[in-house]
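Step one of this worksheet: look at the structure below.
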Amino acid sequence: MLTTLTIISIFTEIFAAGIMLAGAAAFIKNYFSAKKLKDLFFGLVFFTFFLYVSATIASQMMFNLGTDLSALILLNKGIYISIVLCALFLWVFIVEKFNLFRLRWTYVIFVLLAGFFVYRILSSSVNLIYREGVVEPIVFFSVSIPIKPFFALMWLALAAASFIYVYKNRARHIILPLYLGGSALIVLLAMFFSFLYLRLGTAAYLVVSWVLVLVSALGFLLAELIPPEAPQAQAPLSFFRSRILFKLMLIFVLLIVILFETTTLATINISKQSLSKAIIANYQGAAKSLATKIASFSSEPSFAYLEELVSGQRVGKEGVAFVVDEGGYLVAHPDKIRAMQGENMGADEGVMRVLAAESGGGEFRNEIGSLMVGAYAPVAKFGLGVVVEEPIFSAYSELRRLEANSLLFVIVGIILTALVGIFFARSIEKPIKELTQGTEAVAKGDLRWHVATDSCDEIGRLTTAFNQMTKELRESQERLILSEKLASLGTMAAGMAHEIKNPLVSIRTFTQILEQKWDDKDFREKFSTIIPHEIERINRIAESLLKFGKPMKPELSKVDVNGLLEEVLLLFESECKKHNIRVTKKLADLPEVTGDAGQLQQVFVNIVKNAIEAMPKGGGALVVKTDVGEVIRLGKMRREGIKHGSEMVWGESQELEQPTPVIFIEISDSGEGIPEANLKSLFDPFFTTKMTGTGMGLPITLRIVEEHQGSIKVRSQAGRGTTFIITLPQKG
Ligand code: ADP
Ligand code: MG
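The sequence shown maps to residues 5 to 736 in the working numbering.
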């Protein structure tokens, strides 16, 4: 029969098996996303460990159900094979994890060694020794195979490798490897306790051993699942608090396991008690009836009759009834030879009781010290005693079957509830996760985010409110963009009216004198070249103005950046002329980039407009340059710029693995420059130093550039001028 402690340890095993399976799945999933070999092998370590634990549970259950020894032997061979594989994967993991690539050649040796072990396990015969109250057998292979020492050695290697790593990297990233090494030591400790249990048979050691395995599995999960650069790497235990899923699962699984554990323990114990009472009562009846039968004779019955009596008494599957005399010597026994030899049974506790003229029943030890279930009844009339006893193992076989069956039910129950629990917890976590992603995206400035929702609970309402909020935010931002655009349009329109006026004047003059000069051939030629030219000019200005004034429809297409710049410069041509600004273009041959032409035009308008506004009335120089190149950094930006002297960069953060082709757009002016103190607030919304400024030009510019995965660098010296350099990836 299983003791309460053994049952608790089985529950711990189930828990550990579940965590290992989950861990195996997590690591293998990581392998497929990050393609790091170490994850694959650690997943396999977890998986083979899981096989080991679940086969151990199965072996315990099967033993209790009275399964054939041959099946148990096969299962135990399986357990040992999974240990060998686990050790093998562990070694490969150590090499990959700590970059000991020079040791990769050892794989061959280890694979051969593991193959040799597996071959020996399969080909040798096995002796299982079960002892009372110990559910795990001592396993003897007919040939010696040092599997457990090999296994222990690998864990020791993992601990050593981790601690050496910690020692070498004292300053940083040491907490996770400490967890790794510590957990490996805990596995060793667990192995030690399981050894103690096997030797001494005290179930408490078994519980301690499995609790340690559980703790180490959690330690491994933390050490390997948390990315070393994540903030949680400094306090790994806080990882369990980092996801709602873990919290829900913890509550759910813990509750279920505790509930199941206590109820099954209680029911098993109650039914055990009543069943064992019934069995003992049954034996007591048998002993009493034998005693009365013997006492019913007037003189002591013959040896043959007594022999017939005890042989005819069925006592369970493997039990016996026998009769002793007042000295404790056998008078009758189903084993006739023992009876004839008059064996001394005085050491049997049942015999002791009956010799003390007691009658009753219970659990006691027989003459060789094995635990028995039985009963005894004296026959005072002839100075004899009847003892009925059966080894506890077979007497309680039904009980153990009941016990194993109810445990199996509980195991299945726990697995099912855990699965339902995971499903349930995930369904709660998923919308929260999406919402969190949404808020993070909005915080970074992406206002186009929409969180899909189909739930109508509090989270669903929160999501709807969130979507509404971002929509309003987006609209107000769009209005701001529009007002900034109107401001640019205002500036341009003033100059442009002037610009349109010139060709109009010349057209008017020409048409006025047309009538008089109709016959002049020269005039007619001049007229037909100049007038269409002037009209075309007006048309171009009107068209680009119209195009710029149209509301932005975000759409991606191939964009000719040089063409866009030309158009923007045309829009500002008259403005430049008016302020006496010399415009220089140095446009390199550019590949087309993917982007939103309207938005990029707005970017150039904003920067060119600022440049013109920065130049004093006395005039200046505006240089627009484009170029191609490669960078190793790109991407979404940090809000605060990165500073180098009087230069600041907005937007870069993502390091690339290989150089990425980009284009550069450089717009420089010889204007008043930007004081260093203003540089860092340059891109803040509403930051302006102008009387009629909106302060929205640059923030909008930055947002657009960010959306194109680009960055902006600003170099400026007060009094001497400013340069804006925009970097855009070629494959936007
Ligand atoms: P606004 O032009 O409406 O002021 P912007 O966001 O376009 O808003 O520019 C913010 C501020 O940045 C400007 O007010 C100005 O002080 C400064 N600035 C931008 N570009 C330049 C430049 N080329 N030279 C000097 N200062 C500039
Ligand atoms: Mg501006």
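Just so you know, even glycine gets a beta-carbon here, dropped at the ideal spot from N, CA and C.
Just so you know, these numbers come straight off a predicted model, no measurement behind them.
{"query": "Return the chain-ordered list of same chain residues with a C-beta closer than 8 Å to the C-beta of alanine 737, the five sequence neighbours on each side being excluded.", "result": "Because the chain spans 5 through 736 in this model, residue 737 falls outside it and cannot be assessed."}
{"query": "Evaluate the contact criterion for the region 479-493 versus the region 458-471: three or more CB pairs, one atom per stretch, below 8 Å.", "result": "no"}
{"query": "Once the 5 residues before and after phenylalanine 608 are set aside, which same chain residues still bring their CB inside 8 Å of it?", "result": "Leu568, Leu569, Val572, Ile669, Ile671"}
{"query": "Report the rounded CA-to-CA distance for arginine 643 versus proline 689, giving the unit in angstroms.", "result": "Any reading at arginine 643 is ruled out, since the residue's pLDDT is 44, under 50, leaving its predicted position unreliable."}
{"query": "Looking at the unbroken alpha helix (DSSP H) that takes in phenylalanine 145, where does it start and where does it end?", "result": "Not the alpha helix (DSSP H): phenylalanine 145 falls in the beta strand (DSSP E), residues 138-145."}
{"query": "Could you give the C-beta distance for alanine 445 and tryptophan 453, rounded to a whole number, given that I count them as a contact under 8 Å?", "result": "4 Å"}
{"query": "For the alpha helix (DSSP H) that serine 410 lies in, which residues bound it at each end?", "result": "401-447"}
{"query": "Are the CB atoms of proline 240 and leucine 226 within a distance shorter than 8 Å?", "result": "yes"}
{"query": "Since valine 211 contacts threonine 16 with CB under 8 Å, what's their CB separation in whole angstroms?", "result": "7 Å"}
{"query": "What separation, rounded to the nearest whole angstrom, lies between the Cα atoms of phenylalanine 514 and tryptophan 522?", "result": "11 Å"}
{"query": "Identify whether isoleucine 85 lies in helix, strand or coil by the three-state DSSP scheme.", "result": "helix"}
{"query": "Could you spell out the range, first to last residue, of the alpha helix (DSSP H) harbouring glutamine 713?", "result": "Element bounds for glutamine 713: n/a, residue is neither H nor E."}
{"query": "So, with DSSP's three-state summary, where would you put leucine 106?", "result": "The identity of residue 106 in the sequence shown is arginine, whereas the question assumes leucine. Helix, per DSSP."}
{"query": "To the nearest angstrom, how far is the alpha carbon of glutamate 2 from that of leucine 89?", "result": "Because residue 2 is not part of the residues shown, which for the chain are 5 to 736, the question remains open."}
{"query": "Taking isoleucine 585 as part of the alpha helix (DSSP H), name the residues at either end of that continuous run.", "result": "Where isoleucine 585 is concerned, there is no enclosing alpha helix (DSSP H), although the beta strand (DSSP E) it sits in stretches over 585-590."}
{"query": "Are the CB atoms of methionine 65 and leucine 2 within a distance shorter than 8 Å?", "result": "Missing from the structure shown is residue 2; the chain here goes from 5 to 736 and no further."}
{"query": "Quick check on methionine 641: buried or exposed, where buried means 16 or more other Cβ atoms within 10 Å of its Cβ?", "result": "Legend: pLDDT at methionine 641 = 41, less than 50; position of this residue unreliable, no value from coordinates given."}
{"query": "Taking C-beta to C-beta, are phenylalanine 51 and alanine 75 nearer than 8 Å?", "result": "no"}
{"query": "Can you give me the Cβ contacts of alanine 91 inside the same chain, cut-off strictly under 6 Å, excluding the 5 residues immediately before and after it?", "result": "Phe154, Phe155, Met158"}
{"query": "Just how far apart, CA to CA, sit isoleucine 255 and leucine 420?", "result": "16 Å"}
{"query": "Among Glu228, Lys694, Leu189, which has the Cα closest to the Cα of asparagine 34?", "result": "Glu228"}
{"query": "With a CB to CB cut of under 6 Å and the five nearest residues on each side skipped, what residues in its chain are close to alanine 21?", "result": "Phe54, Val57, Ser58"}
{"query": "Under 8 Å, with one C-beta from each stretch per pair, do the region 574-591 and the region 614-627 reach the 3-pair mark?", "result": "yes"}
{"query": "So alanine 295 packs on proline 382, CB below 8 Å; how close in whole Å?", "result": "7 Å"}
{"query": "How should methionine 695 be labelled, buried or exposed, when 16 other C-beta atoms within 10 angstroms of its C-beta is the threshold for buried?", "result": "exposed"}
{"query": "Could you check how far apart the C-beta atoms of glycine 675 and alanine 618 are, in whole angstroms? I think they sit under 8 Å.", "result": "3 Å"}
{"query": "Could you tell me whether the Cβ atoms of isoleucine 436 and leucine 269 are closer together than 8 Å?", "result": "no"}
{"query": "Measure the Cβ-Cβ separation of phenylalanine 224 and tyrosine 209 and say whether it is below 8 Å.", "result": "no"}
{"query": "How far does the alpha helix (DSSP H) with alanine 163 in it extend, from its first residue to its last?", "result": "151-172"}
{"query": "Hey, leucine 451 and threonine 474: beta-carbon distance below 8 Å or not?", "result": "yes"}
{"query": "Is glycine 697 a contact residue of ligand 2, with contact defined as CB to any heavy atom under 7 Å?", "result": "yes"}
{"query": "Please list, in chain order, all residues of the same chain as proline 740 whose beta carbon is under 8 Å from its beta carbon, the five residues on each side excluded.", "result": "Only positions 5 to 736 of the chain appear in the structure, and residue 740 is not among them; the question remains open."}
{"query": "Using a Cβ-Cβ cutoff of less than 7 Å, which residues in the same chain neighbour isoleucine 190 once the five nearest sequence positions on both sides are dropped?", "result": "Leu216, Val219, Ser220, Gly223"}
{"query": "Assuming valine 328 and valine 377 are in contact, meaning their beta carbons sit under 8 Å apart, how far apart are those beta carbons, in whole angstroms?", "result": "In fact, because the Cβ distance is near 18 Å, the residues do not count as touching under 8 Å."}
{"query": "Which stretch, first to last residue, makes up the alpha helix (DSSP H) that contains threonine 52?", "result": "41-68"}
{"query": "Under 8 Å, do isoleucine 248 and alanine 237 count as touching if we go by C-beta distance?", "result": "no"}
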